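Visitor:
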Amino acid sequence: MAPVIVIVPASFTPPGVYSTFEAALRNLGFKTATVDLPSVGTRASGKQPGSMTDDANEISSVVKDLYDNRSVEEVVLFVHSYGGIPASESMKEISEKNRATQGKKGVSRIVYFAAIVLPVGVSNHEMRKRPVPDYVKIEHDWITIDHAQDAPYAFNDMPAEEGLKLAAQMQQQSAASFAERATYAGYNDVEVLYVQCTEDETLPPQGTKQILGVIEESSGTAPRVYKFAGGHCSMMSKPEQCALFVRDILIGK
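Residue numbers (the UniProt record's numbering): 1 to 253.
1. Nearest by alpha-carbon distance to Val8: which of Gln48, Gly29, Asn27, Val62 is it?
2. Following a CB-centred definition, is His232 positioned closer than 8 Å to any heavy atom of the ligand ATP?
3. Looking at Lys47 and Val4, is the spacing between their C-beta atoms short of 9 Å?
4. Tell me where the beta strand (DSSP E) around Lys165 begins and ends.
5. Between Gly46 and chain D, is the shortest Cβ-Cβ distance under 9 Å, so that the two count as touching?
6. Do Ala168 and Ala160 have their C-beta atoms within less than 9 Å of each other?
7. Which whole-angstrom value is the C-beta distance of Lys105 and Arg99, which I expect to be below 8 Å?
8. Ordered along the chain, which non-local residues of its own chain (more than five positions away) have a Cβ less than 6 Å from that of Asn156?
9. Would Ala182 pass as a contact of Gly50 if the rule is Cβ separation under 9 Å?
10. Is there contact here, the stretch 135 to 151 with the stretch 203 to 217, by at least three beta-carbon pairs under 8 Å?
11. Helix, strand or coil for Gln172, going by three-state DSSP, please let me know.
12. What are the uninterrupted segments assigned as beta strand (DSSP E) that are 3 or more residues long and contained completely in the stretch 19 to 52, given in chain order?
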């Protein structure tokens, strides 16, 4: 039976942006769910900015519901960009290793798609060793990006008009979520399937190398790395191809 794929979004990204990718996965026989991260929203809506821990707790809640209330056999996390941080943190609650002590099923595989992981004790802000672009502003506990300026990097592998349409759907990101330090190296608990996007202009090769080094140093094992010909948001620019790629990873092709 195919696993349920739970998508953990990137920063600034509401769940609906992944809808076409979800549909492509469902067409291949997967059931899907996308986490609505508490750290993503808009100040204008009155939403309180969630922390990275809030995001991890929401991931845990979604996965526990699938295992405990819906009799799902396997959940695989597909985590994108920032989503790798709270997903790794959530493993203290939902990894197979930790839930086995309760006689329950848990997560044993994570697809890290152009995703970030942190060493314990380090925040996303601290992990980044590049200057913050001038089109990124922090106001009233929310981070705001001029997505029109960011689109050429995030959506570089699609026509500019399509990239701008996607950029217009992006929201704000809680400043606290980027400042909070990781407390759990969840990538030690699972099989890591890391996907590097070869045309990525948001997470450059040196950044990916740093992330893979964090995983290997902590776990003692070099993660399995796959390369996808696309940009940072390939699941939006090439949803069908990306879905097929994920299927092949999961069945071991």
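Even for Gly, the Cβ is constructed at its ideal location relative to N, Cα and C. Since this is a predicted model, take the numbers as computed values, not measurements.
Guide: According to the structure shown:
1. As a first step, residue 8 must be located in the sequence shown, where it is residue number 8. For Val8, the nearest C-alpha among the options comes from Val62.
2. In the structure on display, the ligand ATP does not appear, and there are no ligands present to speak of.
3. As a position in the sequence shown, residue 4 is number 4, starting the count at 1. As a position in the sequence shown, residue 47 is number 47, starting the count at 1. No, they are not a contact pair.
4. Stepping through the sequence shown from its first residue, residue 165 is reached at position 165. Segment 160 to 167 is the alpha helix (DSSP H) holding Lys165; no beta strand (DSSP E) there.
5. Looking for chain D here will not work: only one protein chain is present.
6. As a first step, residue 168 is located in the sequence shown; it is residue number 168 there, counting from the start. As a first step, residue 160 is located in the sequence shown; it is residue number 160 there, counting from the start. Contact: no.
7. For the purposes of this step, residue 105 is identified with residue 105 of the sequence shown, where counting begins at 1. For the purposes of this step, residue 99 is identified with residue 99 of the sequence shown, where counting begins at 1. The pair is a contact, with the Cβ atoms about 6 Å apart (cut-off 8 Å).
8. Position 156 of the sequence shown holds residue 156. Here the set comprises Glu201, Gly231.
9. The residue you call residue 182 lines up with position 182 of the sequence shown. The residue you call residue 50 lines up with position 50 of the sequence shown. In this structure, Gly50 does not lie closer than 9 Å to Ala182 by Cβ.
10. no
11. The residue given as residue 172 occupies position 172 in the sequence shown. Three-state result, Gln172: strand.
12. 31 to 34
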